[in-house]
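Participant: Have a look at this one.
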Amino acid sequence: MGAIINGMACHGGIIPYGGTFLVFSDYMRGAIRVGALQEAPAIWVFTHDSVGMGEDGPTHQPVENLMSLRALPNLVVLRPADATETVEAWRAAIDSCSRGMPVALILTRQKLPVLDNPGTREGFCRGAYVISESPGGADKIDVLIIATGSEVHLGLEAQTQLEAKSVSARVVSMPSWELFEDQDEDYRNAVLPPEVTARVTIEAGITLGWCKFAGDAGTSIGIDRFGASAPGNIVFEKLGITTANLVEKAMTVLGG
Numbered sequence: 086m087g088a089i090i091n092g093m094a095c096h097g098g099i100i101p102y103g104g105t106f107l108v109f110s111d112y113m114r115g116a117i118r119v120g121a122l123q124e125a126p127a128i129w130v131f132t133h134d135s136v137g138m139g140e141d142g143p144t145h146q147p148v149e150n151l152m153s154l155r156a157l158p159n160l161v162v163l164r165p166a167d168a169t170e171t172v173e174a175w176r177a178a179i180d181s182c183s184r185g186m187p188v189a190l191i192l193t194r195q196k197l198p199v200l201d202n203p204g205t206r207e208g209f210c211r212g213a214y215v216i217s218e219s220p221g222g223a224d225k226i227d228v229l230i231i232a233t234g235s236e237v238h239l240g241l242e243a244q245t246q247l248e249a250k251s252v253s254a255r256v257v258s259m260p261s262w263e264l265f266e267d268q269d270e271d272y273r274n275a276v277l278p279p280e281v282t283a284r285v286t287i288e289a290g291i292t293l294g295w296c297k298f299a300g301d302a303g304t305s306i307g308i309d310r311f312g313a314s315a316p317g318n319i320v321f322e323k324l325g326i327t328t329a330n331l332v333e334k335a336m337t338v339l340g341g
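Residues in the sequence shown are numbered consecutively from 86, following my numbering.
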C-alpha cells in the first residue's frame, strides 16, 4: 500500500491516501521513509492508535509507533483530539503535502467527546495551541498540561479537578510536534511559557522524547510497556492513562 501511494503521488495530479492500523506502519516503514525522502505528497491514515480497543491485545496495540514515525525527517505526524481537530488535520495534511511534506494522520478507533474550542482552526495548523486557558488567566499558570489525541479530554477534566484544589492549569493540545517546532520562538513561548516549569505531558504511547516539552522539572505520562488484552477503559486505567493520574502527577510536580 505504501509503495502504491508513493507511485500515485509521484505521478502527480492527486494527493493519494491510504489507511491501516497504526501498529502495521512498521510493515510499510520503508515506503514511508522513501516518501519522506522524495517529498511525495502522500497521506497515510493510521487508526487504532493506542490501547483504546483493548480486546485486540498487545499484538495490535501500538505503543512505540508514534515516536517511530516522529523520528523520520520530513514527515508530519498529526494526532487530532476529536472530530473538530480531525477536520483541521485534513486541512493541515493537504497544506503539508503542497510543501513537499508527506503526512501520517493518527486516529483512534474508540469514540471521543467533541471538544468546544473556537481557536481550533487557527491553533491546529501551528502544531499546538491553548485549548483551555488557566482559570487564573494567562498571568497565573501554576501547571501546564500538554496532551495529544485521545488524551486531550483527560487534560480538560484534570483542569477542572485541579481548579477545585486551587490549582490553575493551562491545557495545551499538541497534535503535531513537527508543525509546532516550525513556529517562531515567540509563538512557542506564548503557548509553553518558559517560566512555567511545572509541566505534565500525557500521551497513550511511550514517553521517549516528551522530556523536551516536559522539561527537567516536569514529568510525562505514557505507556512504556506493551499493552494488554481487556476492554479499553480497563487497559487505560491499569496503565495510568487517566484523569486521576494526571491530577496526581500535576500535584507532584507542584510539590503538593
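All C-beta atoms in this analysis are idealised placements derived from N, C-alpha and C, irrespective of residue type, glycine included.
Does Cys296 pass the burial test, meaning 16 or more other C-beta atoms within 10 Å, or should it be called exposed?
Facilitator: The residue in question, Cys296, is exposed, as its Cβ has fewer than 16 Cβ neighbours within 10 Å.
Participant: With DSSP run on the structure shown, which of helix, strand or coil describes Ser305?
Facilitator: Looking at Ser305 - three-state DSSP - the assignment turns out to be strand.
Participant: Using CA atoms only, rank isn't needed, just tell me which of Tyr214, Pro126 and Thr169 is closest to Ala189.
Facilitator: Nearest option by C-alpha distance: Pro126.
Participant: Alpha carbons only, please: which of Arg164, His145 and Asn91 is nearest the one belonging to Phe265?
Facilitator: Answer by Cα proximity: Arg164.
Participant: Starting from Gly87, follow the alpha helix (DSSP H) in both directions and report where the run begins and ends.
Facilitator: Residues Gly87 to His96.
Participant: Starting from Ser258, follow its DSSP beta bridges and name the residues at the other end.
Facilitator: Partner(s): Tyr214 and Ala232.
Participant: Do Ala94 and Gly120 have their C-beta atoms within less than 9 Å of each other?
Facilitator: For Ala94 and Gly120, yes; Cβs fall inside 9 Å.
Participant: Are at least three pairs of beta-carbons, each pair with one atom in the region 316 to 336 and one in the region 216 to 223, less than 8 Å apart?
Facilitator: No, the region 316 to 336 is not in contact with the region 216 to 223.
Participant: Is it true that the region 244 to 252 meets the region 169 to 187, where meeting means three or more beta-carbon pairs spaced less than 8 Å apart?
Facilitator: No: fewer than three Cβ pairs fall under 8 Å.
Participant: Could you tell me the distance, in whole angstroms, from the CA atom of Leu192 to the CA atom of Gly97?
Facilitator: Approximately 26 Å between the Cα atoms of the pair.
Participant: Please report the distance separating the alpha-carbon of Ser261 from that of Ile99.
Facilitator: The straight-line gap from Cα to Cα measures roughly 24 Å.
Participant: Please go through the region 169 to 210 and give each complete alpha helix (DSSP H) segment of 4 or more residues, from N-terminal end onward.
Facilitator: Complete alpha helix (DSSP H) runs here, min 4: 205 to 209.
Participant: Among Met259, Val136, Thr132 and Leu277, whose alpha-carbon lies nearest the alpha-carbon of Gly317?
Facilitator: Of the listed residues, the one whose Cα sits closest to Gly317 is Val136.
Participant: Which one or two residues does DSSP pair with Ile287 in a beta bridge?
Facilitator: DSSP lists Ala232 and Ile306 as partners of Ile287.
Participant: Using DSSP bridges, identify the partner residues of Thr132.
Facilitator: DSSP, once it has assigned bridges, lists Phe106 as partnering Thr132.
Participant: Less than 8 Å between C-beta atoms, sequence neighbours within five positions excluded: which residues of the same chain meet that for Ile117?
Facilitator: Excluding positions up to five away in sequence, the list reads Gly87, Ser110, Trp129, Leu154, Leu157, Leu160, Pro187 and Ala189.
Participant: Determine the direct distance from the alpha carbon of Met152 to that of Gln244, and round the result to whole angstroms.
Facilitator: C-alpha separation (whole angstroms): 26 Å.
Participant: With DSSP run on the structure shown, which of helix, strand or coil describes Leu293?
Facilitator: It is coil, neither helix nor strand.
Participant: Tell whether a beta-carbon distance below 9 Å holds between Met259 and Gln195.
Facilitator: Contact: no.
Participant: Can the beta-carbon of His133 be found less than 9 Å from the beta-carbon of Val162?
Facilitator: No.
Participant: Using a Cβ-Cβ cutoff of less than 7 Å, which residues in the same chain neighbour Glu236 once the five nearest sequence positions on both sides are dropped?
Facilitator: Result list for Glu236: Ile287, Glu288, Ala289 and Ile326, in chain order.
Participant: Residues bridged to Val281 by DSSP?
Facilitator: Answer is none; Val281 lacks a bridge partner.
Participant: What residue from Gln246, Gln146, Glu170 and Ile89 has the CA that sits closest to Cys210's CA?
Facilitator: Cys210 has its Cα closest to that of Glu170, out of Gln246, Gln146, Glu170 and Ile89.
Participant: Grab the span of the beta strand (DSSP E) containing Val161 for me, first residue to last.
Facilitator: First-last of the beta strand (DSSP E) with Val161: Val161 to Leu163.
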